[in-house]
Amino acid sequence: MASGLCVAVVGATGAAGQTTLRILEERKFPVRDLRCFASERSVGKTVTFQGDAVRVQKVEPEAFRGVEIAFCSAGSAQAKEYAPIIVRAGAIVVDKSNAFRMDPKVPLVVPEINPHAVRGHQGIVACPNCTTIVTVMPLKPLHDAGRLRRVVATSFQAASGAGVNGLEDLRQQSLAWARGEAVVPRHFQHQLAFNLIPHIDKFGSDGYTGEEMKLINETRKILEIPDLPVAPTTVRVPVFTCHSVAVNAETEEKISVTRARELFAAFPGLTLWDEPALNRYPMPIVVEGQDDCYVGRIREDLSHPRALNFWVVGDQLRKGAATNAVQIAELLVRG
Ligand code: A2P
57 MASGLCVAVV GATGAAGQTT LRILEERKFP VRDLRCFASE RSVGKTVTFQ
107 GDAVRVQKVE PEAFRGVEIA FCSAGSAQAK EYAPIIVRAG AIVVDKSNAF
157 RMDPKVPLVV PEINPHAVRG HQGIVACPNC TTIVTVMPLK PLHDAGRLRR
207 VVATSFQAAS GAGVNGLEDL RQQSLAWARG EAVVPRHFQH QLAFNLIPHI
257 DKFGSDGYTG EEMKLINETR KILEIPDLPV APTTVRVPVF TCHSVAVNAE
307 TEEKISVTRA RELFAAFPGL TLWDEPALNR YPMPIVVEGQ DDCYVGRIRE
357 DLSHPRALNF WVVGDQLRKG AATNAVQIAE LLVRG
């Protein structure tokens, strides 16, 4: 019998779906049979996997017969519609959208942090929001060492976090600006080129955006600290790939800068890059294409005896989406 799994990628033409195909190749995930899905607009187009062209199919229940693991990155509304169909067909869904993350029956997993959570799945495992993943990676070793008391996080989020349309809008806006033409936003609500937009996802009545609420709620669920105070501000920046987050973390026990460096350096999936004297610190253009999240600018908070400030950057299409999803699938395969 042929070895390997029958794998589906839903949203295969999108930014996260394309990266999922690359990560499956890079990590040599045991794919026996690959089925790729996108919207009806893309049916008949092809995507590339291991050098072969794979035809994009329409999502319909029969198409998932025999599928064992399905990676979904086609958006929340689609996930709500498709995931139950895919699970009924017998597959486990690793979903990248916001549809199921806070459902108590659905594990929300960052494999370096809470791998045990996958064991409770009932057919769906959720992959956290990209900014949340980048933020929680360095928080976990600090929590284990000194118990987190409060987190203040300000994000600087890349255009590709908004998918291929976000990426293309920033590119077109930048070209128009460079040519001296009028900059007309097509995907973002405002000009993003050479600007900052402090608004990602819908505003709630309390003034927080959906993205900020994800950062609060998902951080608590992943770290298993249900009442952790988290104060977020999320900002879209004119960067193509990689989310950066400025974090202030208060702990019950004091953690020195030296100890924090040791903790970050030892934690899987984190790379310490903190050499201020050499002007070396994480930046999006350096971290793009990497699976690790990079941490630097580690300083004591001069206004608080038990808090640290630091800066973390992660490729949100890789660790913030596809790499994390494939790592979840690896946990599921290992059992
Ligand atoms: P398509 O390329 O046909 O629009 P991104 O996050 O980069 O915008 O990508 C979204 C992904 O989700 C794309 O692959 C897109 O396909 C896919 N998608 C969007 N709507 C649907 C739908 N109704 N059914 C299946 N896939 C969808």
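So for the sequence shown, the working numbering puts the first residue at 57; every next one is plus one. Note that CB positions come from ideal geometry on N, CA and C, so glycine has one too. Predicted model, so just to flag it, every value in this text is computed and none were measured.
Can you list, in chain order, the residues of its chain whose CB lies under 7 Å from that of residue i, leaving out five sequence neighbours each side?
i, result
"A398", "In the structure displayed, the chain extends from 57 to 391; residue 398 sits before or after that span and is not available."
"A381", "T76, F127, V150, K152, C183"
"L226", "A215, L248, A249, P294, F296"
"V115", "V66, F93, Y138"
"E96", "K114"
"L223", "A71, A215, S216, F296"
Taking 8 Å as the cut-off, decide whether the C-beta atoms of residue i and residue j are in contact.
i, j, result
"V150", "A139", "no"
"T297", "D371", "yes"
"V301", "A209", "yes"
"V123", "I384", "no"
"R242", "T307", "no"
"C349", "M158", "no"
"L284", "L231", "no"
"S59", "R88", "yes"
"K196", "I169", "yes"
"G70", "G263", "no"
"L244", "R292", "According to the sequence displayed, residue 244 carries Phe and not Leu. Against a cut-off of 8 Å, the Cβ pair of R292 and F244 comes out as a contact."
"P332", "V369", "no"
"R111", "T104", "no"
"V143", "G176", "no"
"I278", "V207", "no"
"R91", "A109", "no"
"V239", "W233", "yes"
"L61", "I125", "yes"
For residue i and residue j, which I take to be in contact (beta-carbon distance under 8 Å), what is that distance rounded to the nearest angstrom?
i, j, result
"H299", "C186", "6 Å"
"E430", "V313", "Since the displayed the chain opens at 57 and closes at 391, residue 430 lies outside it and no answer follows."
"L319", "V174", "Incorrect: roughly 24 Å between the Cβ atoms, too far for contact."
"P117", "A147", "In fact, because the Cβ distance is near 11 Å, the residues do not count as touching under 8 Å."
"G352", "Y337", "4 Å"
"V305", "L164", "It should be noted that the sequence gives Ala, not Val, for residue 305. A305 to L164, Cβ: 20 Å. No contact."
"I141", "F120", "7 Å"
Can you find the residues in the same chain that come closer than 8 Å, C-beta to C-beta, to residue i, ignoring five residues on each side of it along the sequence?
i, result
"R317", "L328, D330, I354"
"L271", "N185, T187, T188, T191, A209, S211, V286, P288, T290"
"G394", "Not covered by the structure: residue 394. The range shown for the chain is 57 to 391."
"S280", "Here residue 280 turns out to be Glu, not Ser, going by the sequence shown. Once the five neighbours on either side are set aside, the close Cβ partners of E280 are N170."
"F15", "Only positions 57 to 391 of the chain appear in the structure, and residue 15 is not among them; the question remains open."
Beta-carbon within less than 6 Å of residue i's beta-carbon, same chain only, minus the 5 sequence neighbours each way: which residues are those?
i, result
"E267", "I256, D257, T290"
"N154", "S132"
"R276", "P282, L284"
"M57", "Low local confidence applies: a pLDDT of 41 at M57 is under 50, so the model's placement there is unreliable, with the coordinate-based value given in what follows. So the list is empty, once near-sequence residues are dropped."
"N335", "none"
Any chance you could list the beta strand (DSSP E) runs of at least 3 consecutive residues sitting entirely within the segment 193 to 241, in chain order? Note on the segment 193 to 241: whole beta strand (DSSP E) runs with a minimum of 3 residues are 204 to 213, in chain order.
Curious, which full-length beta strand (DSSP E) runs of at least 3 residues does the segment 79 to 149 contain? 87 to 93, 102 to 105, 108 to 113, 125 to 128
What ranges does the beta strand (DSSP E) occupy inside the segment 265 to 332, keeping only unbroken runs of at least 3 residues that lie completely in it? 286 to 292, 299 to 307, 326 to 328
Secondary structure, alpha helix (DSSP H): runs of 4+ residues fully inside the segment 333 to 365: Here the runs fully enclosed are 340 to 343.
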